[in-house]
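Numbering (the working numbering), first residue to last: 2 to 457. Just so it is clear, CB atoms sit at the ideal spot from N, CA and C, and this is done for glycine as well. Right, one structure below, let's go through it.
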């Protein structure tokens, strides 16, 4: 890089005679000499400042020039990096496709061979039965026995030709597929070498590359891939390498996507900051389009300062604003979330009316819980629900200022009803019951993570 001009002028100013004359002028003025006029000193000082401004301006220009050079080089490196990654991803995609094709071909052969084996076995049983009948019976004439044996022999000959042709064809196919597999293995070795080269030369961690992987600031994976490539998604999510990105008020936030089982993923609450540079990325808003609003299941993960307690899963009632509000605060999609809020209280402990209160995301002391939909939550109060263990009930008052605060009912109470229920704990209620009895100070328990599940 060209770092610009020579900066000797700045050093030279320190020793310029003009500066020495200025000092002499100041000394003469202090001694009352008429030569040490203020005007002369000002001129000397002005000259020095002018020289400094010229030099600092030159320095500024050179810094700007190098900034532009650096940015240009960064773009060039990033473009080359993307090109290398795309080539690697394309090759890996081809490798996976070839493996899938070979596997499918072998699966078809297996079915054909198994069918042939069943036919041969059935024919063998039939022949043995005929032989046994002929041996034990005296009702067959010599002609009948001979005709029957000849017919069986002809059938066996035809079957032998069919099976032999199948086996011969399979043998040729096996040889071809072995060659393809060998070529695929060699291609994979070349990809590994490319990854090593990229890691050593470009300085980014390519050894953990996962197909289809896109880097931060690059094109995101289409969320539909989650539905189409379950095996791939399962592998990435198990390794905690799958994230969803969303920008809120100019701030990048990311949500980790983790593995639950072969049918569900956990989408954790959005947090500030970029994801791991080796993560596979999807767009958060596209991800939400895959979520079924009629089958929403959220989770709250409880902890204390020193211990992880466990998760509770809550199925939300469809088409209610209280449920929508709860879902938004579990996901963190508008910036607010239940994250790091603690249990507020346990009321009527050990009675039929026992319940636990959560949900003050604003002040965390039950004085907040400001509604996200202050007018619309009123529309949810249309029916009464029974007071059942595990029900999640909203807190509504005259102005709905605390509507994000919610209660989880710990026991059945046939004598009471609810007017603002919007969900039910489907898993983990036993964890919650044990926690409130294990920890004397209930407010030591807080939500250290939350989010929702996604079927794929």
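Which value, in whole angstroms, describes the spacing of the CA atoms of residue 320 and residue 241? Distance between the alpha carbons of residue 320 and residue 241 is about 32 Å.
Mind checking residue 441: buried by the 16 CB within 10 Å criterion, or exposed? By the neighbour-count rule (16 or more Cβ atoms within 10 Å), residue 441 is not buried but exposed.
Are the CB atoms of residue 427 and residue 314 within a distance shorter than 7 Å? In this structure, the beta-carbon distance from residue 314 to residue 427 falls below 7 Å.
Name the DSSP beta bridge partners of residue 1, please? As shown, the chain starts at 2 and ends at 457. That puts residue 1 outside it, with no answer to give.
Which residues DSSP lists as bridging residue 346, in chain order: The partner list for residue 346 (beta bridge, DSSP) reads 358.
When DSSP labels each residue in this structure, what does residue 219 get in the three-state scheme? Bear in mind that the predicted position of residue 219 carries a pLDDT of just 46, short of 50, making it unreliable; the figure below should be weighed with that in mind. Looking at residue 219 - three-state DSSP - the assignment turns out to be coil, as it is neither helix nor strand.
Determine the direct distance from the alpha carbon of residue 411 to that of residue 425, and round the result to whole angstroms. Annotation: residue 425 to residue 411 spans about 11 Å, alpha carbon to alpha carbon.
Could you check where the alpha helix (DSSP H) with residue 328 kicks off and where it finishes? Here the alpha helix (DSSP H) through residue 328 covers 322-332.
Mapping the DSSP letters down to three states, classify residue 339 as helix, strand or coil. In the three-state reduction of the DSSP assignment, residue 339 falls in the coil class.
What's the gap between the Cα of residue 107 and the Cα of residue 160? Looking at the two C-alpha atoms, the distance is approximately 22 Å.
Does the distance from the CB of residue 452 to the CB of residue 331 come in under 7 Å? Yes, the Cβ-Cβ distance between residue 452 and residue 331 is below 7 Å.
By the DSSP assignment, the alpha helix (DSSP H) with residue 236 in it spans what residues? Boundaries of the alpha helix (DSSP H) around residue 236: 231-239.
Can you tell me the Cα-Cα spacing of residue 121 and residue 168, whole angstroms? For residue 121 and residue 168, the distance between alpha carbons rounds to 13 Å.
Using DSSP with H/G/I as helix, E/B as strand and the rest coil, what is residue 287? DSSP, reduced to helix, strand and coil, places residue 287 within a helical segment of the structure shown.
Is the CB-CB distance between residue 326 and residue 288 below 7 Å? Judged by beta-carbon spacing, residue 288 lies beyond the 7 Å limit of residue 326, meaning their Cβ atoms are not closer than that value.
Thinking C-alpha only, which one of 80, 92 and 297 is nearest residue 184? Closest option to residue 184, judged by alpha-carbon separation, among 80, 92 and 297: 92.
Could you check the C-alpha separation between residue 291 and residue 239 for me, to the nearest Å? If you draw a straight line from the Cα of residue 291 to the Cα of residue 239, it comes to about 20 Å.
By alpha-carbon positions, which one of 303, 370, 421 and 388 ends up nearest to residue 395? Taking the Cα of residue 395 as reference, the smallest distance to any Cα among 303, 370, 421 and 388 is reached at 421.
Between the region 267-279 and the region 224-233, do at least 3 Cβ pairs fall closer than 8 Å? Short answer: they don't touch.
Residue 386, DSSP secondary structure in three states: Residue 386 falls in the strand class under three-state DSSP.
Any beta-carbon of chain C closer than 7 Å to the one on residue 339? The chain labelled as chain C is not found in the depicted structure, where only one protein chain is given.
Which residue marks the beginning of the beta strand (DSSP E) containing residue 408, and which one marks its end? Its beta strand (DSSP E) spans residues 407-410.
Is residue 256 buried or exposed, if buried means 16 or more other CB atoms sit within 10 Å of its CB? That one is buried.
Return the CA-CA distance between residue 162 and residue 187, expressed in angstroms with no decimal places. If I take the Cα positions, the gap works out to 38 Å.
Answer with buried or exposed for residue 176, where buried requires no fewer than 16 other C-beta atoms within 10 angstroms of its C-beta. When all chains shown are included, residue 176 counts as exposed.
Give me, in chain order, the residues of the same chain whose beta-carbon lies closer than 7 Å to that of residue 311; leave out the 5 immediate sequence neighbours on both sides. Short of 7 Å from the beta carbon of residue 311, and not among the five residues preceding or following it, lie these beta carbons of its own chain, in chain order: 303, 429 and 432.
If we call anything under 7 Å between Cβ atoms a contact, is residue 356 one with residue 408? Closer than 7 Å, so yes.
Just to check my reading of the structure: residue 343 and residue 307 have Cβ atoms closer than 8 Å, yes? What is that Cβ distance to the nearest angstrom? With a Cβ gap of about 14 Å, residue 343 and residue 307 do not count as contacting.
Compare the C-alpha of residue 384 against each of 418, 403 and 155 and name the closest. Selected option, being the one with the closest Cα: 418.
Please classify residue 334: is it buried, with 16 or more other beta-carbons within 10 angstroms of its beta-carbon, or exposed? With 16 or more other Cβ atoms within 10 Å, it is buried.
Residue 45 in three-state terms, based on DSSP: DSSP places residue 45 in helix when its eight states are reduced to three.
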